[in-house]
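Participant: Taking numbering that gives the first Met the number 0, I'd label the letters of the sequence shown as residues 0 to 490. Quick reminder that beta carbons are idealized off the backbone N, C-alpha and C, glycines included.
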Amino acid sequence: MPACVENGLLFGIFLEGEGALSQGDCQDRPREHCGIFGAFGVPNAASVVYRGLFALQHRGQESAGIVASDSEKIRSRKGLGLLSEAIDPSELYELKGHLAIGHVRYSTTGGKRLQNIQPLVLEYSKGLVAIAHNGNVVNAYALRRECEANGSIFQTGTDSEILVHLMARPNAANREDSLSGCLKILKGAYSFLLLDKNSVTAIRDPLGFRPLCLGRLESGIVFASETCALDLVGAQYVRDVAPGEILRMDALGWHSESMERPEREARCIFEHVYFARPDSNVFGENVHKVRMALGRRLARDRPASADIVTAVPDSGNSAALGYSLETGIPLERGFIKNHYVGRTFIMPSTREGSVELKLNVVKDAVRGKRVVVVDDSIIRGTTCKSRFSLLRKAGAKEIHVRISAPPCQYPCYFGIDFPTRTELIAATKSLEEIRDFLEVETLGYQSVEGLLSAVGEPQHYCTACFSKEYPVEPDQPVHKMILENPADGGT
Ligand code: SF4
Numbered sequence: 000m001p002a003c004v005e006n007g008l009l010f011g012i013f014l015e016g017e018g019a020l021s022q023g024d025c026q027d028r029p030r031e032h033c034g035i036f037g038a039f040g041v042p043n044a045a046s047v048v049y050r051g052l053f054a055l056q057h058r059g060q061e062s063a064g065i066v067a068s069d070s071e072k073i074r075s076r077k078g079l080g081l082l083s084e085a086i087d088p089s090e091l092y093e094l095k096g097h098l099a100i101g102h103v104r105y106s107t108t109g110g111k112r113l114q115n116i117q118p119l120v121l122e123y124s125k126g127l128v129a130i131a132h133n134g135n136v137v138n139a140y141a142l143r144r145e146c147e148a149n150g151s152i153f154q155t156g157t158d159s160e161i162l163v164h165l166m167a168r169p170n171a172a173n174r175e176d177s178l179s180g181c182l183k184i185l186k187g188a189y190s191f192l193l194l195d196k197n198s199v200t201a202i203r204d205p206l207g208f209r210p211l212c213l214g215r216l217e218s219g220i221v222f223a224s225e226t227c228a229l230d231l232v233g234a235q236y237v238r239d240v241a242p243g244e245i246l247r248m249d250a251l252g253w254h255s256e257s258m259e260r261p262e263r264e265a266r267c268i269f270e271h272v273y274f275a276r277p278d279s280n281v282f283g284e285n286v287h288k289v290r291m292a293l294g295r296r297l298a299r300d301r302p303a304s305a306d307i308v309t310a311v312p313d314s315g316n317s318a319a320l321g322y323s324l325e326t327g328i329p330l331e332r333g334f335i336k337n338h339y340v341g342r343t344f345i346m347p348s349t350r351e352g353s354v355e356l357k358l359n360v361v362k363d364a365v366r367g368k369r370v371v372v373v374d375d376s377i378i379r380g381t382t383c384k385s386r387f388s389l390l391r392k393a394g395a396k397e398i399h400v401r402i403s404a405p406p407c408q409y410p411c412y413f414g415i416d417f418p419t420r421t422e423l424i425a426a427t428k429s430l431e432e433i434r435d436f437l438e439v440e441t442l443g444y445q446s447v448e449g450l451l452s453a454v455g456e457p458q459h460y461c462t463a464c465f466s467k468e469y470p471v472e473p474d475q476p477v478h479k480m481i482l483e484n485p486a487d488g489g490t
């Protein structure tokens, strides 16, 4: 285990295996960010966290980790790849204890390297602490430079490490309110789980960008990015961790503290559009229901004369159902997804080939038909084009594309890995140019107003990737590798 001591902080990297992922990066969707899960007061907490992370696998497939405590010792397992690749379930018994936190990662800051796998485990004057983070701290670059000027040596290329370095500063470490004082310095999106020997602490940023909820098991408490993970472990949903809340669980019970909150929240609307699972409730609403409402509104605003409605699976399924119910046009299964395309499969060299590997068309369902095809978003446009060409090849007479989100024109700085603005097709082409590029009869996007009409408290949502109305401006241009050393791929 490599470790180093600097500025009152011992950094330990608890890793198994070596190397970096070689997963193809042909990205035509914004990439999921991270999923976090924690348990307190639960026998074999690491096993419960493992199952919780399993339900959150869609939020990150690059790496996974679990850290557990039995109040005497903190132990961890981490690795690259899917949860089942990163952590051998037969070794979970080694992660003893009734407290544990876990993380599945898709990197939004920092590269795919072993040191960046979370939960990070560090030691400072108050002892060992483990940290799991979902989100993106937008002033991380400036804070890191400041910490480095004061002697801190960073071990990872992630923004998540900043919090522990702030906590390790001598003037912070001696104060009772050190955690809330450090959190006040952070700007941007963070849902954190922290673990020390005796407690688990759940934190959401004051704007509440990323979801985090609290559930109850017979024997203890769990925290999860999405409620689908509570279902899998058999926990009862209690409530969301509130924006700006610091909720600490220890042997004496719950201790809740609130940071100062702005009037308006900035919940990520893309959680409803694409990221979260439809069987989850996030920000107090069921994702499937919101997607259905998006489809209904899309049908009213962007009607089409067609014989069938079909979805791009899986994220278009609920919106397509809504579109069909609203218009009375029958819903058909136009595409069948191959769920068994492994990440290690040698992908064909053409985008068309890789799309065919993942999706097949039910030819008898679409041949000779006017088809409305519903998808959640168009990012670069190239993969969408290949999908629609499969419909054409299968004999669809007309293709009417309907997108349940507005055009994605601006990058996200809050924990979603978007391509640069120049790569976003809607930022560089007009509606007619995109339709022409996709080679379809008609194209209709949701409006921002239509998008917000599908959720209960529209004033509390972030829509910056569609509207450019950033709830927090980053201090400097942000990119994924900004905190990496040049040797690790940074600048
Ligand atoms: S910019 Fe878009 S993806 Fe990012 S937090 Fe806001 S709504 Fe979500």
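1. For Phe-282, name the three-state secondary structure that DSSP assigns.
2. Comparing the CB of Ile-100 with every heavy atom of the ligand SF4, is any distance shorter than 8 Å?
3. Distance, Cα to Cα, Arg-238 vs Ala-148?
4. Is DSSP giving Met-291 helix, strand or coil here?
5. For Gly-51, tell me which candidate among Val-272, Val-221 and Val-286 has the shortest Cα-Cα distance.
6. Looking only at DSSP bridge pairs, what is Ala-425 linked to?
7. Ala-131 and Phe-191: beta carbons closer than 9 Å?
8. Which of helix, strand or coil does DSSP assign to Ile-65?
9. Any chance you could list the residues with Cβ under 6 Å from a heavy atom of the ligand SF4, keeping chain order?
10. Quick one: what does DSSP say Glu-397 is sitting in, helix, strand or coil?
11. Among Lys-336, Asp-375, Thr-382 and Arg-143, which has the Cα closest to the Cα of Leu-320?
12. For Cys-383, which option in Val-281, Ile-433 and Phe-413 has the closest C-alpha, if you only look at C-alpha atoms?
13. Hey, out of Phe-413, Thr-441, Val-471 and Phe-282, whose CA is closest to Asn-133's CA?
14. When DSSP labels each residue in this structure, what does Ser-446 get in the three-state scheme?
15. What distance in whole Å lies between the Cβ atoms of Ala-453 and Val-289, which are believed to be in contact at a cut-off of 8 Å?
16. DSSP three-state label for Leu-206, please.
17. Tell me the residue span of the beta strand (DSSP E) that contains Phe-36.
18. Kindly give me the distance between the Cβ atoms of Gly-101 and Phe-36, rounded to whole angstroms, as I take these residues to be in contact under 8 Å.
19. List the residues that DSSP assigns as beta-bridge partners of Val-221.
20. Please state whether the Cβ-Cβ distance between Val-337 and Pro-277 is less than 9 Å.
21. What is the DSSP secondary structure of Arg-296, counted as helix, strand or coil?
Facilitator: Taking the coordinates as given:
1. coil
2. no
3. 41 Å
4. helix
5. Val-221
6. Ala-425 is not bridged to any residue.
7. yes
8. strand
9. Phe-208, Cys-267, Ile-268, Phe-269, Cys-411, Phe-413, Ile-415, Cys-461, Thr-462, Ala-463 and Cys-464
10. strand
11. Asp-375
12. Ile-433
13. Phe-413
14. coil
15. 5 Å
16. coil
17. 33-39
18. 5 Å
19. Ala-38 and Gly-214
20. Correcting the residue type first, residue 337 is Asn in the shown sequence and not Val. Contact: no.
21. helix
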